[in-house]
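Step one of this worksheet: look at the structure below.
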Amino acid sequence: MFNIIIADLEQSHTLSIKSYIDTNFLQFKIKRTFSNEKDFYKYIKNNSVDLIIMEIRFLGLEFFKKMREISALYKDTKFIVYGSVSDIPYLEKALDIGAVSYTIRPVKPVDLNKCLNAYIDYVKAKEELIKEEKLLAIEYVQNFKVFEDKFLSVLINESIFDKEEIQSSFDYFNIYITPPYTVAVFRIDSFRKHIINKSQKEKHLTILKLLKIIESNITNAKAFINLFNEIVIILGGENELETVLDNMINIKQLIKQETNISVSCGIGRAYEQADKIHTSFLEAIIALRYRCIVGYNSVIAIEYVEPENTFTASYPYERERLLVYTAVIGEYEYCLKLLDEIFERINTYKQKFEDMIPQVIMSMLISINRIAFEQGLKIKPINNFFDTSKVLSLKDADEAYNFLKDNLKVFCEYINDFRKNTEDETFEKAIQYINENYFKNISYKNLGRKLNYNIKYFKKIFEKRTEKHIDEYITRIRIDKAKELMLTTNLTDDLIALKVGYDDVNIFRQTFKRLEGILAGDFRYIHKDLKNKK
9 MFNIIIADLE
19 QSHTLSIKSY
29 IDTNFLQFKI
39 KRTFSNEKDF
49 YKYIKNNSVD
59 LIIMEIRFLG
69 LEFFKKMREI
79 SALYKDTKFI
89 VYGSVSDIPY
99 LEKALDIGAV
109 SYTIRPVKPV
119 DLNKCLNAYI
129 DYVKAKEELI
139 KEEKLLAIEY
149 VQNFKVFEDK
159 FLSVLINESI
169 FDKEEIQSSF
179 DYFNIYITPP
189 YTVAVFRIDS
199 FRKHIINKSQ
209 KEKHLTILKL
219 LKIIESNITN
229 AKAFINLFNE
239 IVIILGGENE
249 LETVLDNMIN
259 IKQLIKQETN
269 ISVSCGIGRA
279 YEQADKIHTS
289 FLEAIIALRY
299 RCIVGYNSVI
309 AIEYVEPENT
319 FTASYPYERE
329 RLLVYTAVIG
339 EYEYCLKLLD
349 EIFERINTYK
359 QKFEDMIPQV
369 IMSMLISINR
379 IAFEQGLKIK
389 PINNFFDTSK
399 VLSLKDADEA
409 YNFLKDNLKV
419 FCEYINDFRK
429 NTEDETFEKA
439 IQYINENYFK
449 NISYKNLGRK
459 LNYNIKYFKK
469 IFEKRTEKHI
479 DEYITRIRID
489 KAKELMLTTN
499 LTDDLIALKV
509 GYDDVNIFRQ
519 TFKRLEGILA
529 GDFRYIHKDL
539 KNKK
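With the numbering used here as the guide, the letters of the sequence shown map in order to residues 9 to 542.
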């Protein structure tokens, strides 16, 4: 039941409107009618009202100011306003303040009916929005772990340099780790052997089982899944490397006993500052490369394999990681640029590097294969593009550079041919999804993920084919749909904005004017006027 009051200086108008509502809308209860402003204000100050039906000049020359005051005081109270034809600009303006609809005086039953139904539609839309927000809040709580893991992933992979930001995030996610901080990385050995012919669910359960074993055997630490085959642990409060080694060896043995899965572990250095967690992670990754020499199913500390910290500190790990992703999207020219940058740094520490050539190159190739697999690319095994037997015989940096340069070219050419064959299908699916869901928040990121397509490459395809950014493309669809609703329905701007994807009606109106060169209200009025003349 909605509580209504009606206000008009002419009492005959209020009685006419009241009579129609009492007869045709049982869900509305008319509490009072008013023909003077004093009684009107006295009532609304002491009573809750859902809807005010009001003649636009009832509150005098300061109508809009007073209407804003009422809207500010009672946020759930809405208005239906009416006036003469000459009042249309003011009636339109009232829609920005709290009115859900307007009509022309004298108020005809058919027009009043449309206005009341517009209010009912508004209430339903609002209830639906509140319901969605409650569900979203529940989902946020349920997915809190996802946000926590995302923060940890950014912390180790992209490096957050602001110490206060790191600490505030630790507090927010209830992560209690005391310094010094040491990062350990567990990686499944022979990963492909464990996932071949397994479903996505089975792969996820495998790594989740490993995480549970690790979590039950660590204290003052945080463990999380970084990749399908990799779990990262941020350890705190332990200065003795031997103690960390013993703990990681114990976990490695437990994993083998309980799952029969062989894992290796790399351990970075300990740092007092939280903003050095990223550095410790890079060192743990470099330490893992030595499993090619030390052997798989090993625990390797960077302090033991690189005590001088010369190569690890200088190796361009970020450039290498970018090279891996660039190769998987087939951008050969950029691969060459990154390769030059990597080997320029490597040549600075040539003597140190040449003892590690096979490990570094092999790790890089395995990463390319794994990322391609995770991206959903059903490509040939990596030895079809990179002869792994030759990797083991590489003797110096020049040989390694030429090997990667030649084989990356072949690999990128294959990737591009493969992508081209799937490009048409992906683009069609994207357009279909946008046409069906234009009112939702759609971006390159979430659409690329939905289609299981590299986001950077998908953006390139979309803009090449549409000659528009995705936001511009969706905006055009939204405004075209809004125009259609204006011409075929009596929905207010608020409701149309909600239906086509705008939470803020003012943003909708600004966008409409920018694209159409005319106000939304003028567009509606002109085209309906033309329709009536016909």
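From the three backbone atoms N, C-alpha and C, an ideal C-beta is built for every residue, glycine too.
Asked: Output the boundary residues of the beta strand (DSSP E) element that contains Glu63.; Found: Leu59 to Glu63
Asked: Where does the unbroken alpha helix (DSSP H) through Arg427 begin, and where does it stop?; Found: Ala405 to Asn445
Asked: For Ala278, name the three-state secondary structure that DSSP assigns.; Found: coil
Asked: Does the beta-carbon distance from Cys273 to Arg378 come in below 9 Å?; Found: no
Asked: Between Asp104 and the ligand ADP, is there a pair consisting of the residue's CB and a ligand heavy atom that are separated by less than 8 Å?; Found: Here there are no bound small molecules, and the ligand ADP is not part of this structure.
Asked: Can you tell me whether Tyr550 is helix, strand or coil according to DSSP?; Found: The question about residue 550 has no answer here: the residues shown for the chain are numbered 9 through 542.
Asked: Kindly confirm or deny that the stretch 234-244 and the stretch 185-192 touch, where touching means at least three C-beta pairs closer than 8 Å.; Found: yes
Asked: Going by CA-CA distance only, name the one from Asp283, Lys464 and Arg329 that's closest to Glu173.; Found: Asp283
Asked: Grab me the residues of Phe394's own chain with a C-beta within less than 6 Å of its C-beta, minus the 5 sequence neighbours each way, in chain order.; Found: Leu373 and Asn415
Asked: For Val271, which residues in the same chain have their Cβ closer than 8 Å to its Cβ, ignoring the five residues on either side in sequence?; Found: Phe194, Arg195, Ile196, Asp197, Leu218, Lys260, Ile263, Lys264 and Asn305
Asked: Across the stretch 95-109 and the stretch 77-85, are there enough close Cβ pairs to call them in contact, namely three or more that are closer than 8 Å?; Found: yes
Asked: Near Asp258, what residues of its chain come up, given a Cβ to Cβ distance below 8 Å and the 5 sequence neighbours on each side ignored?; Found: Looking at the sequence itself, residue 258 is Asn, so the reference to Asp does not match. Taken in chain order, the residues that qualify are Asn225.
Asked: Pairing CB atoms from the stretch 23-35 with CB atoms from the stretch 49-59, are three or more of them under 8 Å?; Found: no
Asked: Considering Cα atoms alone, identify which of Tyr342, Arg299 and Asn165 is closest to Cys420.; Found: Tyr342
Asked: Whose CA, out of Asn32, Asn11 and Leu69, lies closest to the CA of Thr41?; Found: Asn11
Asked: Exposed or buried, what is Tyr312 when buried is set at 16 or more other beta-carbons lying within 10 Å of its beta-carbon?; Found: exposed
Asked: Name, in chain order, the residues that DSSP records as bridge partners for Arg40.; Found: Ile13
Asked: Checking 9 Å against the spacing of the C-beta atoms, do Leu59 and Phe87 come in under that value?; Found: yes
Asked: Counting C-beta neighbours from all protein chains within 10 Å, is the total for Thr434 16 or more, i.e. buried, or is it exposed?; Found: buried
Asked: Give me the Cα-Cα distance between Pro324 and Gln281, rounded to the nearest whole angstrom.; Found: 22 Å
Asked: Around the Cβ of Gly303, are there at least 16 other Cβ atoms within 10 angstroms (buried) or fewer (exposed)?; Found: exposed
Asked: By DSSP, does Glu339 sit in helix, in strand, or in coil?; Found: coil
Asked: List the DSSP bridge partners of Arg195.; Found: Glu238 and Ser272
Asked: Are at least three pairs of beta-carbons, each pair with one atom in the stretch 486-493 and one in the stretch 502-510, less than 8 Å apart?; Found: yes
Asked: Taking C-alpha atoms, which residue in Gly525, Glu480, Ala380 and Glu475 lies nearest to Asn460?; Found: Ala380
Asked: Once the 5 residues before and after Ile13 are set aside, which same chain residues still bring their CB inside 6 Å of it?; Found: Lys39, Arg40, Val57 and Ile60
Asked: Are Leu347 and Tyr441 touching if we call contact CB-CB under 9 Å?; Found: no
Asked: So who's on the other strand from Phe87, going by DSSP bridges?; Found: Ile60 and Ala107
Asked: In terms of residues, what are the limits of the alpha helix (DSSP H) holding Tyr51?; Found: Glu45 to Ile52
Asked: Verify whether the separation of the beta carbon atoms of Thr500 and Ala231 is less than 9 Å.; Found: no
Asked: Quickly, what does DSSP pair Gly244 with across the bridge? List them, please.; Found: Tyr189
Asked: Indicate whether Lys37 and Met9 have their beta-carbon atoms separated by less than 9 Å.; Found: yes
Asked: What are the boundary residues of the alpha helix (DSSP H) that includes Leu499?; Found: No alpha helix (DSSP H) holds Leu499; DSSP gives it neither H nor E.
Asked: Using CA coordinates, which residue listed in Ile269, Gln518 and Lys417 is at the minimum distance from Thr334?; Found: Lys417
Asked: Any idea if Thr356 is buried or exposed, counting beta-carbon neighbours within 10 angstroms, 16 or more meaning buried?; Found: exposed
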